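A.B. asks:
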Amino acid sequence: MYILAIETTGKIGSVALADLETYKMTMKTTTEDMSHLKNLMAMTQELFREQKVTGSDIAAVAASVGPGSFTGIRIGVSSARAVAQALHKPCIQVPTLDTFRLKCGNRPVAVIFNARRGQVYGAVFDKDKKDILKPGPYMLTDVLDAVDKAGIAPIFYGDGVDAYADKLQGRECAQEEDRYQTATMTAAFAMDKLEAGETCTYEELLPDYMRETEAEQKLRDGSLARARAAKMAKFRSK
Amino acid sequence: MKDGKFITLGIESSCDETSIAVVADGRQLMSDVISSQIALHTVFGGVVPELASRHHLQNINSVLDEALSEAGVTLDDVDLIGVTNGPGLIGAVVIGVATAKALSFAKDIPLVGVNHMHGHVSANYIQYPDLEPPFMALIVSGGHTNIVEVTDYNECKVLGGTRDDAVGEAYDKVARVIGLGYPGGPKVDKAAKDGNPEAVHFKRVYLEKDSLDFSFSGLKTAVLNYINTEKMAGREINVADVSASFQQAVLDVVVDKTMMAVRNMNKDRLVIAGGVAANSELRRELKEACHKEGIRLYAPEPVLCTDNGAMIAAAAYYKYKKEGADDLHLDAYADLSL
Numbered sequence: 001m002y003i004l005a006i007e008t009t010g011k012i013g014s015v016a017l018a019d020l021e022t023y024k025m026t027m028k029t030t031t032e033d034m035s036h037l038k039n040l041m042a043m044t045q046e047l048f049r050e051q052k053v054t055g056s057d058i059a060a061v062a063a064s065v066g067p068g069s070f071t072g073i074r075i076g077v078s079s080a081r082a083v084a085q086a087l088h089k090p091c092i093q094v095p096t097l098d099t100f101r102l103k104c105g106n107r108p109v110a111v112i113f114n115a116r117r118g119q120v121y122g123a124v125f126d127k128d129k130k131d132i133l134k135p136g137p138y139m140l141t142d143v144l145d146a147v148d149k150a151g152i153a154p155i156f157y158g159d160g161v162d163a164y165a166d167k168l169q170g171r172e173c174a175q176e177e178d179r180y181q182t183a184t185m186t187a188a189f190a191m192d193k194l195e196a197g198e199t200c201t202y203e204e205l206l207p208d209y210m211r212e213t214e215a216e217q218k219l220r221d222g223s224l225a226r227a228r229a230a231k232m233a234k235f236r237s238k
Numbered sequence: 001m002k003d004g005k006f007i008t009l010g011i012e013s014s015c016d017e018t019s020i021a022v023v024a025d026g027r028q029l030m031s032d033v034i035s036s037q038i039a040l041h042t043v044f045g046g047v048v049p050e051l052a053s054r055h056h057l058q059n060i061n062s063v064l065d066e067a068l069s070e071a072g073v074t075l076d077d078v079d080l081i082g083v084t085n086g087p088g089l090i091g092a093v094v095i096g097v098a099t100a101k102a103l104s105f106a107k108d109i110p111l112v113g114v115n116h117m118h119g120h121v122s123a124n125y126i127q128y129p130d131l132e133p134p135f136m137a138l139i140v141s142g143g144h145t146n147i148v149e150v151t152d153y154n155e156c157k158v159l160g161g162t163r164d165d166a167v168g169e170a171y172d173k174v175a176r177v178i179g180l181g182y183p184g185g186p187k188v189d190k191a192a193k194d195g196n197p198e199a200v201h202f203k204r205v206y207l208e209k210d211s212l213d214f215s216f217s218g219l220k221t222a223v224l225n226y227i228n229t230e231k232m233a234g235r236e237i238n239v240a241d242v243s244a245s246f247q248q249a250v251l252d253v254v255v256d257k258t259m260m261a262v263r264n265m266n267k268d269r270l271v272i273a274g275g276v277a278a279n280s281e282l283r284r285e286l287k288e289a290c291h292k293e294g295i296r297l298y299a300p301e302p303v304l305c306t307d308n309g310a311m312i313a314a315a316a317y318y319k320y321k322k323e324g325a326d327d328l329h330l331d332a333y334a335d336l337s338l
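Chains as they are written, first to last, in UniProt numbering: chain A, 1 to 238; chain B, 1 to 338.
1) State the DSSP-derived secondary structure class of C91/A, mapped to helix, strand or coil.
2) Would L80/B pass as a contact of Y317/B if the rule is Cβ separation under 8 Å?
3) Which residues, in chain order, does the region 73-94 of chain B contribute to contact with chain A at a C-beta distance below 7 Å?
4) Can you pull the chain A residues whose beta carbon is under 8 Å from the beta carbon of F44/B, in chain order?
5) Look at the alpha carbon of T186/A and the alpha carbon of M27/A, and state the distance between them as a whole number of angstroms.
6) Counting only runs of 4+ residues fully inside the region 120-201 of chain A, write out the alpha helix (DSSP H) ranges in chain order.
7) Should T18/B be labelled buried (16 or more other beta-carbon atoms within 10 Å of its own) or exposed?
8) Between which two residues does the beta strand (DSSP E) harbouring C156/B extend?
9) Find the residues of chain A that neighbour E50/B, judging by a C-beta separation of less than 8 Å, and give them in chain order.
10) Counting only the same chain and skipping the five closest in sequence on each side, list residues whose C-beta sits under 6 Å from that of G160/B.
11) Distance, Cα to Cα, G294/B vs D65/B?
12) What is the C-beta distance between T8/A and L40/A, in whole angstroms, given that I count them as a contact (C-beta under 8 Å)?
13) So, for V253/B: in the same chain, excluding its five sequence neighbours on each side, which residues have a beta-carbon less than 8 Å away from its beta-carbon?
14) If distances are taken between C-alpha atoms only, which option among I112/A, K103/A, T182/A comes closest to V161/A?
15) Output yes if chain A places a C-beta closer than 8 Å to the C-beta of N61/B; else output no.
16) Looking at the secondary structure, which residues open and close the alpha helix (DSSP H) in which Y320/B lies?
17) For Q247/B, which of E198/B, R235/B, T229/B, G143/B has the nearest alpha-carbon?
18) Secondary structure at G86/B, three-state DSSP: helix, strand or coil?
19) DSSP state of D57/A, grouped into three classes?
20) Below 8 Å on C-beta distance, what does P95/A contact in chain B?
21) Output, in sequence order along the chain, the residues in the region 191-205 of chain A whose CB is closer than 8 Å to any CB in chain B.
22) Within this structure, are the beta carbons of I58/A and G66/A separated by less than 8 Å?
23) Could you list which residues in chain A have their beta carbon closer than 9 Å to that of H329/B, in chain order?
24) What does I152/A touch in chain B if you count any residue whose Cβ is under 8 Å from its own?
25) Which residues of the region 102-129 of chain B have a Cβ closer than 7 Å to any Cβ of chain A? Give them in chain order.
26) Taking the C-alpha atoms as reference points, what is the distance between T213/A and A325/B?
27) Does any CB atom of chain B fall closer than 8 Å to the CB of G66/A?
28) My output table needs one value for G168/B: the three-state DSSP class, helix, strand or coil.
29) Between the region 146-154 of chain A and the region 128-138 of chain A, can you find at least three pairs of beta-carbon atoms closer than 8 Å?
30) With a cut-off of 8 Å on the beta carbons, I'd call V188/B and D241/B a contact; round off their distance for me.
31) Going by CA-CA distance only, name the one from L9/B, G4/B, G91/B that's closest to Y320/B.
32) Helix, strand or coil: which one does DSSP assign to N114/A?
33) Quick one: what's got a C-beta closer than 8 Å to H55/B's C-beta in the same chain, skipping five residues either side?
34) Which of the three DSSP states, helix, strand or coil, is assigned to A18/A?
35) In whole angstroms, what is the alpha-carbon distance linking S64/A and S104/B?
36) Give me the chain A residues within the contact set of residue 352/B, using Cβ-Cβ distance strictly less than 7 Å, ordered along the chain.
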């Protein structure tokens with residue numbers, strides 16, 4: 001049996017099959033940036049054909065649920081939900097930042113996903129995979145402070161490494177080929193969860209955006225109402 | 001197949017409705033489940049795309065379950081999956097397309113991407129089992145205003161369109177300023193029933209002579225100006241009168257141009273489609289105008305005018321018969337021309 005794992009939270013999308021007997025993994029990756037919708041299912045079909053796997057060989061469908069690109073997350077999660085629904089299989093929810101715990105070993109790990117304007121989705125793990133800064137939405141400076149306060153020198157991962165290169169000078173960043181989330185990382189994390197019996201139904205497989213929508217924020221802090229009033233006032237003064 | 005009939009699943013998620021339908025032989029409605037997000041967006045005064053996308057994802061799989069069970073079929077009976085792949089709010093369209101593609105892959109069911117606007121026209125094939133192209137059509141919705149000649153299934157020639165706001169957009173904007181809120185179309189339509197359409201005169205914008213194009217942004221501004229003037233003068237706004245007068249200014253132009261197009265093209269059948277085709281006054285006036293000129297009017301039930309999966313299934317069925325299936329590289333588009 002296999003786990004089908006889907007990763008579409010970053011710029012590059014990928015899909016993997018993890019053989020639950022041999023632990024062998026196979027993966028396909030898009031060559032176009034942000035082309036998840038177009039390529040994900042076609043890649044999955046190719047992978048199944050190459051590995052001679054059919055729907056009945058699947059034990060569970062795993063998806064990397066975020067944080068990351070909102071639309072990207074939804075493409076992966078919607079696809080996983082529908083595959084699981086059609087094949088009557090369970091799902092496995094994989095939190096994307098946590099998949100980088102697998103990178104821990106000799107060195108602590110800091111993960112930063114670019115959320116623009118100095119913000120990141122980030123986490124810091126010590127070399128035993130334990131939280132130094134738990135996964136969440138932060139300012140980049142919060143992550144760097146946590147690292148410095150702990151007095152560690154982690155390796156930095158994620159697309160925040162590219163976006164904030166100027167603010168990471170003097171810190172060690174992962175090589176490009178090892179820097180980003182991949183479906184094999186999703187699959188590896190999912191294998192542990194499957195062994196622990198932590199599956200869910202397709203209805204329960206949901207994104208973890210880590211941020212509410214801008215409209216909801218504005219509604220809550222009153223700026224939506226203020227913006228509307230200003231618009232009307234501007235019109236009246238014409 | 002089910003009982004010898006070709007089963008099409010239609011998936012629609014291009015705006016604020018998550019809808020999936022099961023249609024037999026391209027025309028017979030077996031189920032049409034619509035999960036509306038209107039309540040969710042009302043507080044924001046309009047559709048919030050990111051919020052719509054989030055809710056499509058949460059709802060779509062249970063909408064599918066419901067559509068299948070209401071129709072008494074399973075995915076094993078489904079012969080074709082049709083899905084709106086544009087135009088629409090891109091983040092919202094993506095959910096339907098991702099779901100459709102995943103179902104197509106997992107169950108090895110042929111897949112067809114459908115233009116949402118052709119879907120609206122195709123709602124008529126469900127309502128009227130004998131209707132076949134060619135015919136004239138008026139497509140009016142929150143995003144589109146088009147007079148077209150439908151030459152074949154999923155094919156048409158655009159004869160006129162809006163140069164700025166769509167009809168539905170004008171309704172939404174006017175509804176907001178007169179305090180009726182979202183969604184504007186049905187609210188203005190309802191308020192107008194108690195109003196006098198001649199109470200306030202708003203200019204009818206016909207553009208160049210013989211043009212089948214529309215412009216509604218000036219009308220919207222005229223309504224805003226009127227309201228401001230009245231407020232400045234300390235006079236109470238009569239919402240019913242303003243609604244009726246605005247609506248009349250829109251419909252005079254829409255009906256005149258549509259009938260002109262039907263005459264010019266020498267057609268004897270007119271189809272209306274899209275969310276605004278549910279407007280009761282538009283239906284009444286077109287019915288009257290068509291009756292006078294001996295033209296048969298096709299106006300689907302309001303539930304088939306709003307966004308729904310059934311119209312997508314009907315369009316997909318005919319597209320598949322003519323062109324075959326799309327492959328798994330099917331993508332979604334915010335803009336997709338007619």
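Glycine included, each C-beta is placed from N, C-alpha and C at the ideal position. Here the structure is a predicted model, which means the values were calculated and not measured.
C.D. replies: According to the data block:
1) strand
2) Yes; because the gap between Cβ atoms is below 8 Å, this pair is in contact.
3) L75, G91, V94
4) A215, L219, L224
5) 11 Å
6) 140-150, 160-163, 183-195
7) Under this definition T18/B is a buried residue.
8) 155-161
9) Within 8 Å Cβ-Cβ: F70, T213, E214, A215.
10) I147, L212, D213
11) 45 Å
12) 6 Å
13) R204, V205, Y206, F214
14) I112/A
15) yes
16) 309-323
17) E198/B
18) strand
19) DSSP places D57/A in the helix class (H, G or I) of the three-state scheme.
20) Per Cβ cutoff of 8 Å: no residues; P95/A is ~17 Å from chain B at best.
21) Y202, E203
22) no
23) K38, N39, M41, A42
24) Under the 8 Å cutoff, chain B gives no residues; its nearest Cβ is about 36 Å from I152/A.
25) Answer in chain order: A102, L103, F105, A106, K107.
26) 36 Å
27) no
28) helix
29) yes
30) Incorrect: roughly 12 Å between the Cβ atoms, too far for contact.
31) L9/B
32) Residue state, collapsed to three classes: strand.
33) T18, Q37, L40
34) strand
35) A straight line joining the alpha-carbon of S64/A with that of S104/B spans about 21 Å.
36) This structure cannot settle anything about residue 352/B, because the visible part of chain B is limited to 1 through 338.
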